[in-house]
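Report on the following structure.
Residue numbers (the UniProt record's numbering): 1 to 213.
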């Protein structure tokens, strides 16, 4: 088990994932197809938890939900595209902790398929007990509605990416897996930025540990 350095290891976290790390799977056919001289491996974060098919957002929610519980919240509020994986995983995490969850989806992706609006992640969120507001409902409207019912809502930005605690997970992931592979590839711009910041932070932590002259 990787122990985060102080003060990061002291940040409260609610365990939502399996204790074992999710697999890193060798992609044989993709490696052969690309023929670039490198082996292609993929981190299987879809296998990191038993909560609604897992996913990378669970990592962030471990930290974010710890803060929500500490603030006495009883209902999580978040948004995303109609078929958002983040909304699904937030609903599952809320159900695990006995909290309510309110979703206000955005019509971010145009789809002519009628199933897009009610199947897939939408259906899973409903099974998990999420209250879904109509597309176009604002965060302020959702919070006002919940407060009028006597609820204590806690708002989470899309993907938990802009939450102050959402970025800490990148440090945990980097420390956990950097020792297993010398070259790590990130394909998303936001994740690429976080990885760069984490690498800089790791260098700073290493330099801070050196004895002063």
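Cβ coordinates follow ideal geometry from the N, Cα and C atoms, glycine included.
As the crow flies, the alpha-carbon of residue 22 is around 12 Å from that of residue 59. In the DSSP assignment, residue 116 falls outside any alpha helix (DSSP H), carrying neither H nor E. The continuous stretches of beta strand (DSSP E) do not include residue 127, which lies in the alpha helix (DSSP H) extending over residues 121–127. Here residue 43 is bridged, per DSSP, to 24. Looking at the DSSP output, residue 153 bridges to 75.
Within the DSSP bridge table, the entry for residue 132 names 103 as partners. Rounded to the nearest angstrom, the Cβ distance from residue 27 to residue 40 is 5 Å, consistent with a contact under 8 Å. Collapsing the DSSP output to three states places residue 81 in a strand.
By the Cβ rule, the stretch 29–48 does not count as touching the stretch 102–112, because fewer than three pairs are nearer than 8 Å. Linking residue 51 to residue 98 through their CA atoms gives a straight-line distance of about 13 Å. Remark: three or more beta-carbon pairs, one from each stretch, lie closer than 8 Å, so the stretch 149–161 and the stretch 69–81 are flagged as touching. When secondary structure is reduced to three states using DSSP, residue 158 falls in the helix class. A check of alpha carbon separations from residue 163 across 115, 95, 66 and 136 identifies 66 as the nearest. Residue 16 sits in coil when the DSSP states are folded into three classes, being neither helix nor strand.
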